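Engineer: Structure incoming, see below.
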Amino acid sequence: MLDDFLMRALLAGLGLALVTGPAGCFVVWRRMAYFGETIAHSALLGVALAILSDLHLAVGVFATASVVVVVLFLLERRDTLPTDTLLGLLAHGGLALGLVTLSFFPNMRLDLQALLFGDILAVSRVDLALIWGGGGVALGLLAWLWRPLLAATVSEDLANVAGLRPERARLLFGLLVAAVIAVAIKIVGVLLIVALLVIPAATVRRFASSPEEMVTAAAVAGMASVAGGLFASATWDTPSGPSIVVTALALFVVTRLRRPGRAAKAG
Amino acid sequence: MSDAPSVDPAPLVEVRDIGVRRGARWIIRHVDLRVLRGQLVYIIGGNGAGKSTCARAVLGLIDIDEGAIERAPSLAVGYVPQRLAVTPTLPLTLRRLVTLTGRFPAGEVDAALATVGLERLGDPPVTTLSGGEFQRLLLARELLRRPDLLVLDEPDQGVDVAGAEVLHEQIDTIRRDLDCGVLVVSHDLKLAMDTGDDFCVLVPHEHDERPGIGRDPELVGTARDD
Chain A
1 MLDDFLMRAL LAGLGLALVT GPAGCFVVWR RMAYFGETIA HSALLGVALA
51 ILSDLHLAVG VFATASVVVV VLFLLERRDT LPTDTLLGLL AHGGLALGLV
101 TLSFFPNMRL DLQALLFGDI LAVSRVDLAL IWGGGGVALG LLAWLWRPLL
151 AATVSEDLAN VAGLRPERAR LLFGLLVAAV IAVAIKIVGV LLIVALLVIP
201 AATVRRFASS PEEMVTAAAV AGMASVAGGL FASATWDTPS GPSIVVTALA
251 LFVVTRLRRP GRAAKAG
Chain B
268 MSDAPSVDPA PLVEVRDIGV RRGARWIIRH VDLRVLRGQL VYIIGGNGAG
318 KSTCARAVLG LIDIDEGAIE RAPSLAVGYV PQRLAVTPTL PLTLRRLVTL
368 TGRFPAGEVD AALATVGLER LGDPPVTTLS GGEFQRLLLA RELLRRPDLL
418 VLDEPDQGVD VAGAEVLHEQ IDTIRRDLDC GVLVVSHDLK LAMDTGDDFC
468 VLVPHEHDER PGIGRDPELV GTARDD
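Shown next, in the form of structure tokens:
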């Protein structure tokens, strides 16, 4: 079954959506969409480093993304510059640094198209193991962080007073997003990854009456988008990554057409 | 200090000559304050006097630049902030907010909600609550957490006169039920003198010239009843 590239693509996408849905809810609640973009932009530097040191792409991206997360964490504590300015600095600084680094190696073969928009149909068994293994770890971490992170999302002060160490939760969640993006770049690419985080969460918000419901529903909406997008891609021969995002967007639009109901329905 | 008991127990928190600085400017300076178990203590001052800063320093949420704060060993603190805006993208109901930082039996939650008069509301989204209801909800949350020291930052802000009266009665009930110390930030000197065991007055923008802090009401030039 795993020999079929479409089956591998589907399994990879479903595994990814299972994590991006819940993580994306926190991205939406905590207004971290631009944070996600920053991590994605800095990925180019990670890709360059991965190719140079002959590592798996995701490992290189995760390494540089982690550095960006930690630098941002430290700057936010010390610096007086607003967060979006710091993010702009890191996003485009990382991107430019990656491009300059690549220019030193003119013989390096880099599929820029795949990097920007993903290549889910080229997912290997190793990638699949990475997605489901890493995804399991990410979901476990999210479950462990759930209470402190949710409390810190409502109020860092209340979380602090309750001894939940919101700063640690914030840093760990940043690293989690870095890991998710590192794995996801292969699937949907640098330019579209934030869509997988934000759109499912935004779609299901109005149907959820508790954070737990919203996280579950976002995972389901994300998986539906992956399945629908891959089906569309196979049927009409459209690029798979963008097709997944378009499907997610269509799901968002369709659910918007209906007036919001009072009762909460998950899924 | 007239209400200080004859046998002086160890204070829950003792603040000695603390100062907090932002750049060259002192937000608060030379503040002394102590809260004993069962006491209701007020931090009084006008706008910009550094009341919230002082409360946050007592809670350990910000670092102090001088002086010392001594807390009783394993002191559990509770906090009701002045303002708390729950992001509308987060679906959070009344009862879910109560259990945000810890789980409690449903019966206890019901009792706490009843104490603050929210038992008949059901379980609506917190974004639909009024300012007063939200403050009482945060109070119910602290009631369940059973802190030794409860810090309330202008709990009656945005609440009408009748509502404020009820709120202060509820705070007093909680103080007696839990036998905890309560530290209330307020600009209402009269309330503090009528109901408080002790109070600390902060005077804005004078921290560099002189120690503008004391328990002497004569020092108060800017605290107003509004």
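Just so you know, the sequences run in chain order A and B.
The first sequence begins at 1 in the numbering used here and counts up by one.
The second sequence begins at 268 in the numbering used here and counts up by one.
Where is the CB? At the ideal position from N, CA and C, for every residue including glycine.
Remember, predicted model here, so these are calculated numbers, not experimental data.
Identify, in the order they occur along the chain, each residue of the same chain with its Cβ nearer than 6 Å to the Cβ of Gly-297/A, setting aside the five sequence neighbours on each side.
Structural biologist: Chain A is shown from 1 up to 267; residue 297/A falls before or after that span and cannot be answered.
Engineer: Thinking just about the alpha-carbon of each residue, which of Gly-315/B, Ala-343/B, Leu-396/B, Thr-395/B is nearest to the one in Val-325/B?
Structural biologist: Nearest option by C-alpha distance: Ala-343/B.
Engineer: Could you tell me whether the Cβ of Pro-358/B comes closer than 7 Å to any Cβ of chain A?
Structural biologist: True, the Cβ-Cβ gap to chain A drops below 7 Å.
Engineer: Check each candidate in His-435/B, Ala-407/B, Arg-443/B and name the one with the smallest Cα separation from Tyr-346/B.
Structural biologist: It is Ala-407/B.
Engineer: If contacts are defined as beta-carbon pairs under 8 Å, then Val-282/B and Ile-336/B qualify, I think. What distance do you get, rounded to the angstrom?
Structural biologist: Right, the Cβ-Cβ distance comes to about 5 Å (below 8 Å), so this counts as a contact.
Engineer: Return the Cβ separation of Leu-18/A and Gly-133/A in integer angstroms, given the expectation that the two are a contact with Cβ distance under 8 Å.
Structural biologist: Not confirmed; about 13 Å, so no contact.
Engineer: Going by the CB atoms, is the gap between Leu-450/B and Val-302/B shorter than 7 Å?
Structural biologist: Taking 7 Å as the Cβ cut-off, Val-302/B and Leu-450/B qualify as a contacting pair.
Engineer: Just the Cα atoms here: how many angstroms apart are Leu-469/B and Gly-312/B?
Structural biologist: So the two alpha carbons sit approximately 5 Å from each other.
Engineer: What did DSSP end up calling Asp-465/B once you bin it into helix, strand or coil?
Structural biologist: Of the three classes helix, strand and coil, the one that applies to Asp-465/B here is strand, per DSSP.
Engineer: Under DSSP, the alpha helix (DSSP H) around Gly-317/B begins and ends at which residues?
Structural biologist: No alpha helix (DSSP H) contains Gly-317/B, which DSSP labels as neither H nor E.
Engineer: Using a Cβ cut-off of 7 Å (strictly closer), state whether Trp-236/A contacts chain B.
Structural biologist: It does not; no Cβ of chain B falls within 7 Å.
Engineer: With 7 Å set as the bound, which would you pick, yes or no: does the beta-carbon of Leu-411/B sit closer than that to a beta-carbon of chain A?
Structural biologist: Chain A, which has no Cβ nearer than 7 Å to the Cβ of Leu-411/B, makes this no.
Engineer: Suppose you measure from the CA of Ser-453/B to the CA of Ala-63/A; what does that come to, to the nearest Å?
Structural biologist: If you take the alpha carbons of Ser-453/B and Ala-63/A, they lie about 49 Å apart.
Engineer: Within the 7 Å Cβ cut-off, does Thr-368/B reach chain A?
Structural biologist: It does; some Cβ of chain A falls within 7 Å.
Engineer: Can you name, in chain order, every residue of its own chain whose Cβ lies under 8 Å from the Cβ of Val-68/A, other than the five neighbours on each side?
Structural biologist: Answer for Val-68/A: Thr-38, Ile-39, Ser-42, Leu-90, Gly-94, Ala-178, listed in chain order.
Engineer: Which stretch, first to last residue, makes up the alpha helix (DSSP H) that contains Ile-230/B?
Structural biologist: The requested residue 230/B is not part of the displayed model; chain B covers only 268 to 493.
Engineer: Please tell me whether Val-190/A and Leu-116/A are closer than 7 Å, where the distance is taken between their beta carbons.
Structural biologist: Going by C-beta atoms, Val-190/A is nearer than 7 Å to Leu-116/A.
Engineer: Taking contact to mean at least 3 C-beta pairs separated by less than 8 Å, is the stretch 215-223 of chain A in contact with the stretch 198-207 of chain A?
Structural biologist: At 8 Å Cβ cutoff, the stretches touch.
Engineer: Tell me, please, which residues DSSP counts as bridged to Ile-310/B.
Structural biologist: Paired residue(s): Val-452/B, Cys-467/B.
Engineer: Check this for me: beta carbons of Leu-351/B and Ser-210/A, under 7 Å apart or not?
Structural biologist: It is not a contact, given that the beta carbons lie outside the stated cut-off.
Engineer: Please determine, among Gly-305/B, Glu-333/B, Gly-327/B, the residue with the shortest C-alpha to C-alpha distance to Asp-284/B.
Structural biologist: Taking only the C-alpha atoms, the option nearest Asp-284/B is Glu-333/B.
Engineer: Given a threshold of 16 other Cβ atoms within 10 Å of its Cβ, counted over all protein chains shown, does Gln-437/B qualify as buried or as exposed?
Structural biologist: Classification for Gln-437/B: buried.
Engineer: Grouping DSSP H, G and I as helix and E and B as strand, with all else coil, what is Phe-226/A?
Structural biologist: Correcting the residue identity first, residue 226/A is Val in this sequence and not Phe. Val-226/A: helix per DSSP, three-state reduction.
Engineer: Counting only Cβ-Cβ distances shorter than 8 Å, please list the residues of the stretch 207-234 of chain A near chain B, keeping chain order.
Structural biologist: The residues in question are Ala-208, Ser-209, Ser-210, Pro-211, Glu-213, Met-214.
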